[in-house]
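Quick notes on the structure that follows.
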Amino acid sequence: MTDKAFAQADPDWLALIGAAREWLAGPLGQFLLDEERRVLEDELGRFFGGYLVHYGPSAQPPPSAPQVQRNVRLGAPLPGVEIVCEEQAWPLSEHAADVVVLQHGLDFCLSPHGLLREAASSVRPGGHLLIIGINPWSTWGLRHVFAHDALRQARCISPSRVADWLNLLGFALEKRRFGCYRPPLASPKWQARLAGWERKAGDWQLSGGGFYLLVARKIVVGLRPVRQQRREPMGKLIPLPMAKVNRRRIEP
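Counting from 1, one number per residue, gives the positions in the sequence shown under UniProt numbering.
See the structure below:
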C-alpha cells in the first residue's frame with residue numbers, strides 16, 4: 001500500500017532521504033546523533049501535552065517526551081516511520097501537535113521553506129517547534145564543503161537564518177543551544193582525547209558546535225492587528241467669555 005502511494009513521489013526526494021539515512025547510520029552520523037540525543041532529552045523533558053511529532057531522515061529511534069501522551073514519527077516510507085507523507089504534504093490538521101521536532105529535516109530536503117511551513121502549521125498556539133541542524137560555522141560545516149558522501153548534499157542552513165524564518169511564521173525564539181564541538185573524526189581514540197574539550201565548550205555554549213538546536217514557541221496564528229480608524233478633525237475650540245455673576249444681595 002505504501003509503495004503504491006509513493007509510486008508518484010519525487011525520486012530525487014526519496015534518493016536524498018535514503019542517502020541521508022545511510023550517512024546518519026555510519027560512524028560519524030551516529031556520533032552526531034548521540035550528542036544530539038543528550039541535548040534533545042534535556043529539552044523534551046520539560047514539555048507536556050497530547051502529541052509530539054518527529055520528522056527527520058534518521059533510522060535511529062528519536063528521544064521521546066515523557067510527559068507527552070503520544071510520540072509519532074512521520075516522513076518517507078522507511079522503517080520506523082509511523083505516518084508516511086511527503087515533506088510538503090503532512091497529513092495533519094492545523095494546530096494538531098503540542099511539539100514538533102525537525103531533526104536534520106531542513107538539512108536534507110528539497111524545499112526548506114515548504115517543510116518549515118508544514119511543521120509550523122501543525123503546531124498549536126503556545127506549542128513548540130524544535131529544530132536541529134548542522135551548523136555551517138563549525139568543523140562539521142567545513143567537512144560538508146569537501147565531503148564526497150551524503151553530507152555534501154546537506155543544506156547546512158545557519159541558525160540565524162532559520163530564526164528569521166521562524167519569526168516570520170509567528171514564532172518566538174526561546175532558546176538556542178549548540179553541541180558536538182569535537183571535529184568529525186572517525187577515530188574513537190581521538191574522540192576520547194577531545195572529550196574534555198567537549199565538556200568545556202558545552203558549558204560555555206560556544207557558537208562553533210557541530211549542530212544547533214532552536215526552541216521556538218508559537219505566538220501568532222494568522223491574526224492581523226486591528227487598524228485604528230482615523231479621527232476626523234472637529235474644528236478648533238474658540239474660548240468664550242465667562243458670564244459675570246452678580247453677588248450683590250437683592251433687598252426686598
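Backbone N, C-alpha and C define an ideal beta-carbon position, used for all residues, glycine too.
Rounded C-beta distance between residue i and residue j? I'm assuming under 8 angstroms.
i	j	result
GLY50	GLN30	Incorrect: roughly 31 angstroms between the Cβ atoms, too far for contact.
PHE178	GLY209	3 angstroms
HIS104	GLY133	7 angstroms
ARG36	PHE211	Looking at the sequence itself, residue 36 is Glu, so the reference to Arg does not match. At roughly 6 angstroms, the Cβ-Cβ gap stays under 8 angstroms, so GLU36 and PHE211 are in contact.
CYS156	PRO184	Going by Cβ atoms, the distance from CYS156 to PRO184 rounds to 13 angstroms, so no, they are not a contact pair.
LEU52	ASN71	5 angstroms
Kindly indicate which three-state DSSP category residue i falls into: helix, strand or coil?
i	result
ARG37	helix
GLY208	coil
ALA150	helix
ASN135	coil
ARG161	helix
residue 270	Residue 270 is absent from the structure shown; the chain starts at 1 and stops at 252.
ALA97	strand
ALA65	coil
ALA89	strand
ILE83	strand
ARG176	strand
HIS104	coil
ARG117	helix
PHE31	helix
ARG217	strand
LEU16	helix
GLY45	coil
LEU237	Confidence is the limiting factor: at LEU237 the pLDDT is only 47, short of 50, which leaves the residue's position unreliable, though a coordinate-based value still follows. Three-state result, LEU237: coil.
LEU130	strand
ARG182	coil
VAL226	Note that VAL226 scores a pLDDT of 49, beneath 50, so its modelled location is shaky and nothing firm can be said.
Please decide whether residue i counts as near chain C, where near means a Cβ-Cβ distance under 8 angstroms.
i	result
PRO125	Checking the listed chains, one finds no chain C in this structure; it contains a single protein chain.
Taking 7 angstroms as the cut-off, is the CB of residue i close to at least one heavy atom of the ligand SAM?
i	result
PHE48	Inclusion of the ligand SAM in the displayed structure is not the case, the ligand content being empty and no account of it being possible.
From this set, the options, which residue's C-alpha is nearest residue i's C-alpha?
i	options	result
LEU106	ILE83, LEU213, ARG217, ILE219	LEU213
CYS85	GLU118, ALA59, ALA65, VAL101	GLU118
ARG176	HIS148, PRO11, SER207	SER207
CYS109	ALA20, LYS218, VAL99, ALA147	ALA20
TYR181	ALA25, ALA163, LEU32, ALA154	LEU32
GLN60	ALA216, ARG46, GLU22	GLU22
PRO27	ASP149, LEU166, PRO159	ASP149
ARG152	ALA9, PRO11, ILE131, LEU24	LEU24
ARG217	SER138, VAL100, ALA154, ASP34	VAL100
PRO62	ARG46, PHE47, PHE48, ARG38	ARG38
GLY114	ARG46, LEU166, GLU174	LEU166
Under a Cβ-count criterion, where at least 16 other Cβ atoms within 10 Å of its own Cβ denotes burial, should residue i be classed as buried or exposed?
i	result
GLN67	exposed
GLU87	buried
LEU168	exposed
VAL226	Because the pLDDT at VAL226 is just 49, under 50, the model does not fix this residue reliably, and the point stays unresolved.
VAL145	exposed
ARG143	buried
ALA89	exposed
SER58	buried
LEU54	In the sequence as displayed, the identity of residue 54 is His instead of Leu. Result: buried.
ILE219	exposed
ARG161	exposed
ILE131	buried
### Query
Does the stretch 87 to 96 come within contact of the stretch 121 to 132, defined as at least 3 CB pairs closer than 8 angstroms?
yes
### Task
Specify whether the stretch 30 to 50 and the stretch 75 to 92 touch according to this definition: at least 3 beta carbon pairs, one from each stretch, less than 8 angstroms apart.
no
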